[in-house]
Amino acid sequence: MSSPGAVKSASARPPVLVIDEITGDSDVTVATLEDAGFVAVAESEGDAALKHARNCLTRLVVSELYVPCAEGACVVTVLKGDRHRLPRLQVLVHTRHTTAADTDWALAAGCDALVPKGTSAAVLIREVRRLEGFAA
Amino acid sequence: MSARGSEPLRTVGAGMTFLDATGLLWTVTERNAENVPGSRGLRCLIFASDEAVRRVWVYPAGWRDLLTTGLIALSWSR
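Encoded structure:
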């Protein structure tokens with residue numbers, strides 16, 4: 001048994017939150033993250049994702065781009081704008097939407113990084129690890 | 001304003017390109033970021049390749065003078 005003052009282990013970090021309305025895509029993303037040693041959970045709906053992030057003080061989100069929620073047209077914008085409750089949150093957009101306009105939208109929404117779907121798992125994990133360091 | 005209600009970030013000055021150690025082409029542009037949700041500064045750097053896009057908030061004023069190795073290192077920073 002650990003003492004009350006024991007330092008929390010790395011596993012005490014909140015899980016990576018995967019937000020994707022396409023269940024098949026989120027299943028692949030969660031499996032990719034778990035294969036790399038991350039703990040990940042998925043939400044397919046924007047409001048549930050917001051609730052989860054705020055309750056768990058999520059620090060790392062991997063999200064599709066155009067996921068709406070009651071607080072805004074894009075859950076990424078709402079999450080990144082919530083600096084009071086989620087000051088360390090890093091958001092990687094992992095998306096099927098790959099035009100220049102889509103990328104501009106993602107950057108305007110506040111994302112910290114973007115990886116197109118279909119890119120290798122190694123690249124996704126590389127970029128997630130980069131953000132993980134900033135969320136610590 | 002776009003149909004989805006957000007404006008693209010205005011590019012500031014000239015961009016740069018470089019090849020990383022794997023031969024992947026990256027472009028680097030400085031963007032106006034004062035209205036970006038969660039903004040950490042008035043401007044940011046955007047590193048973009050076919051594989052990934054990275055946003056960097058902390059960078060030197062003379063980033064355009066960096067050699068390729070310096071730009072690669074900068075792309076990994078916050």
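Chains F and P are the protein sequences, given in the same order. According to this note's numbering, numbering within the first sequence proceeds without interruption in unit steps and concludes at 136. According to this note's numbering, numbering within the second sequence proceeds without interruption in unit steps and concludes at 78. Virtual Cβ for every residue (Gly too), placed ideally from N, Cα, C. No experiment lies behind these values; they were computed from the predicted model shown.
### Message
Cβ closer than 8 angstroms: which chain P residues qualify as neighbours of R130 of chain F?
### Response
The count along the first sequence starts at 1 and reaches residue 130 of chain F at position 130. Result: R54, W76.
### Query
Buried or exposed: where does H152 of chain F fall if 16 or more other Cβ atoms within 10 Å of its Cβ makes it buried?
As shown, chain F starts at 1 and ends at 136. That puts residue 152 of chain F outside it, with no answer to give.
#### Entry: Short Cβ contact (7 angstroms threshold) for A113 of chain F with E127 of chain F
Taking the first residue of the first sequence as 1, we reach residue 113 of chain F at position 113. Taking the first residue of the first sequence as 1, we reach residue 127 of chain F at position 127. Yes, these two residues count as a Cβ contact at 7 angstroms.
### Query
Can R78 of chain P and F134 of chain F be called in contact, C-beta distance under 7 angstroms?
If you number the second sequence from 1, residue 78 of chain P lands on position 78. If you number the first sequence from 1, residue 134 of chain F lands on position 134. Contact: yes.
### Query
By a C-beta neighbour count over all protein chains shown, 10 Å radius and 16 as the cutoff for buried, is C44 of chain P buried or exposed?
Counted from its first residue, the second sequence places residue 44 of chain P at position 44. The residue in question, C44 of chain P, is buried, as its Cβ has 16 or more Cβ neighbours within 10 Å.
#### Entry: Cβ pair L33 of chain F, R59 of chain F closer than 7 angstroms
Position 33 of the first sequence, counting from 1, holds the residue named residue 33 of chain F. Position 59 of the first sequence, counting from 1, holds the residue named residue 59 of chain F. For L33 of chain F and R59 of chain F, no; Cβs fall outside 7 angstroms.
### Query
Closest to H97 of chain F by CA distance: which of F:D47, F:G118, F:R129 is it?
Residue mapping note: residue 97 of chain F aligns to position 97 of the first sequence, counting from 1. Nearest C-alpha to H97 of chain F: F:G118.
### Query
Is the Cβ of R85 of chain F closer than 7 angstroms to any Cβ of chain P?
To locate residue 85 of chain F, count along the first sequence from 1; it is residue 85. By this cut-off, R85 of chain F is not an interface position.
### Query
How about T29 of chain F and V18 of chain F: are their beta carbons less than 7 angstroms apart?
Counting from 1 along the first sequence, the entry for residue 29 of chain F is found at position 29. Counting from 1 along the first sequence, the entry for residue 18 of chain F is found at position 18. Against a cut-off of 7 angstroms, the Cβ pair of V18 of chain F and T29 of chain F comes out as a contact.
### Query
What's the gap between the Cα of G41 of chain P and the Cα of Y59 of chain P?
Against the second sequence, residue 41 of chain P aligns to sequence position 41. Against the second sequence, residue 59 of chain P aligns to sequence position 59. Each residue's alpha carbon lies about 11 angstroms from the other.
### Query
Is K80 of chain F close to chain P, meaning its C-beta is less than 7 angstroms from at least one C-beta of that chain?
In the first sequence, the residue the question calls residue 80 of chain F occupies position 80. Chain P, which has a Cβ nearer than 7 angstroms to the Cβ of K80 of chain F, makes this yes.
### Query
Going by beta carbon distance, what residues of the same chain come within less than 7 angstroms of W57 of chain P, once the five residues before and after it are set aside?
Position 57 of the second sequence, counted from the first residue, corresponds to residue 57 of chain P. Same-chain partners within the cutoff: R40, G41, C44, R78.
### Message
On a Cα-Cα basis, can you pick out the residue from F:R54, F:T99, F:V123 that is closest to K80 of chain F?
### Response
On the first sequence, residue 80 of chain F is found 80 positions in, with the first residue counted as 1. Minimum Cα distance to K80 of chain F is reached at F:R54.
### Query
Which term fits K8 of chain F, buried or exposed, when burial requires 16 or more other beta carbons within 10 angstroms of its beta carbon?
To locate residue 8 of chain F, count along the first sequence from 1; it is residue 8. In this prediction, K8 of chain F scores a pLDDT of 42, lower than 50, which makes its location untrustworthy; the coordinate-derived value is nonetheless stated afterwards. The residue is exposed, with fewer than 16 neighbouring Cβ atoms inside 10 Å.
### Query
Which first and last residues belong to the alpha helix (DSSP H) in which C56 of chain F is found?
For the purposes of this step, residue 56 of chain F is taken as the residue at position 56 of the first sequence. Where C56 of chain F is concerned, the enclosing alpha helix (DSSP H) stretches over 46 to 56.
### Separation of P14 of chain F from L57 of chain F, as counted between CA atoms
As a position in the first sequence, residue 57 of chain F is number 57, starting the count at 1. As a position in the first sequence, residue 14 of chain F is number 14, starting the count at 1. If you take the alpha carbons of L57 of chain F and P14 of chain F, they lie about 7 angstroms apart.
### Task
On the DSSP bridge assignment, give the partners of C44 of chain P in chain order.
Taking the second sequence and counting its residues from 1, one reaches residue 44 of chain P at position 44. According to DSSP, which records beta bridges pairwise, C44 of chain P is partnered with P:R31.
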